[in-house]
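*Asks:* Below is a structure I'd like to ask you about.
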Amino acid sequence: MLNADQAELDKFGELAHRWWDPNSEFKPLHDINPLRLDWIDNAIGLAGKRILDVGCGGGLLSEGMAARGAIVTGIDLSEKPLGVAKLHLLESGQKVEYRKIAVEDLANEMPESFDAVTCLEMLEHVPNPSSVITACARLVKPGGQVFLSTLNRNPKSYLFAVVGAEYVLQMLPKGTHDYAKFIKPSELSRWAKLANLEPEELIGMSYNPLTRQYSLGNDTSVNYLMRATRV
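Per the working numbering, residue 7 is the first one in the sequence shown, and the count goes up by one each step.
Following this line, the structure appears as structure tokens:
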């Protein structure tokens with residue numbers, strides 16, 4: 007069975023035409039994208055690296071990495087966001103290969119083909135996140151890096167990421183997140199190790215509603231990112 011939730015695919019598909027609008031429902035992605043890019047670039051140096059972006063959506067991160075000199079493949083299972091991503095290349099002039107394929111299928115097709123794999127803001131939207139992590143590990147070369155991000159599961163994250171972001175501040179459409187699918191860092195670390203990945207870095211991403219700014223730091227209680235090395 008395909009490791010995807012059709013309702014999730016449909017949800018992002020309906021909004022796909024607004025993906026590149028920085029004032030749309032995707033404003034948070036636009037706001038955090040420079041932080042994510044700097045984090046990845048500082049860790050591996052994107053220029054010349056072969057990168058796979060899993061769950062690329064409309065291509066925001068994929069294009070950003072390509073702009074920094076990476077050779078990028080972006081994959082997703084939602085048709086409309088991929089269409090938007092391909093169209094945006096005509097405007098930006100960047101080069102990204104986009105494919106509609108499950109990460110597990112690509113792992114069978116192209117094992118150990120990438121210097122690094124990114125899978126950001128996706129794991130909390132799939133039925134079996136452990137399967138995705140295992141496939142990411144298979145796709146990266148030994149010694150390569152896998153970059154993951156998701157939402158912690160605790161009362162604070164429910165308050166901030168669901169109640170606050172979706173209902174109070176209305177930064178995200180209602181129903182964007184299912185709290186039951188949030189992932190504790192201990193769970194993510196366990197799945198990574200089972201997939202022959204060694205966690206190297208765990209950092210948090212925080213939002214200040216007064217300044218409307220995001221920042222990276224030590225607070226992993228809501229949003230957090232992990233960098234792991236393929237053993």
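From the three backbone atoms N, C-alpha and C, an ideal C-beta is built for every residue, glycine too.
Determine the closest residue to residue 25 out of 90, 79, 8, with distance taken between C-alpha atoms.
*Replies:* Your numbering for residue 25 matches position 19 in the sequence shown. Ranking 90, 79, 8 by Cα distance to residue 25 puts 90 first.
*Asks:* Would you list the one or two residues that DSSP bridges to residue 209?
*Replies:* By 1-based counting over the sequence shown, the position of residue 209 is 203. Answer is 231.
*Asks:* Return the residue from the list 237, 102, 197, 218 that minimises the CA-CA distance to residue 137.
*Replies:* Walking along the sequence shown from the start, residue 137 turns up at place 131. Of the candidates 237, 102, 197, 218, the one whose C-alpha sits nearest the C-alpha of residue 137 is 197.
*Asks:* CB-CB under 8 Å to residue 112, same chain, minus the five flanking residues each way: which ones, in chain order?
*Replies:* To locate residue 112, count along the sequence shown from 1; it is residue 106. Only 58, 81, 105, 141, 145 meet the Cβ criterion.
*Asks:* Measure from the alpha carbon of residue 6 to the alpha carbon of each residue in 147, 148, 53, 152, then state which is nearest.
*Replies:* Because the chain in this structure spans residues 7 to 237, residue 6 falls outside the shown range and cannot be described.
*Asks:* Return yes when the Cβ of residue 15 is within less than 7 Å of the Cβ of residue 83, no when it is not.
*Replies:* Position 77 of the sequence shown, counting from 1, holds the residue named residue 83. Position 9 of the sequence shown, counting from 1, holds the residue named residue 15. Yes, Cβ-Cβ distance for residue 83 and residue 15 is below 7 Å.
*Asks:* The alpha helix (DSSP H) that contains residue 13, what's its start and end?
*Replies:* Here residue 13 refers to the residue found at position 7 of the sequence shown. Its alpha helix (DSSP H) spans residues 12 to 20.
*Asks:* Is DSSP giving residue 28 helix, strand or coil here?
*Replies:* To locate residue 28, count along the sequence shown from 1; it is residue 22. Correct three-state label for residue 28: coil.
*Asks:* With DSSP collapsed to three states, give me the class of residue 184.
*Replies:* Sequence index remark: in the sequence shown, residue 184 carries index 178 (1-based). If DSSP states are grouped into helix, strand and coil, residue 184 belongs with coil.
*Asks:* Given this structure, state the Cα-to-Cα distance separating residue 115 from residue 223, to the nearest angstrom.
*Replies:* As a first step, residue 115 is located in the sequence shown; it is residue number 109 there, counting from the start. As a first step, residue 223 is located in the sequence shown; it is residue number 217 there, counting from the start. One C-alpha to the other measures close to 37 Å.
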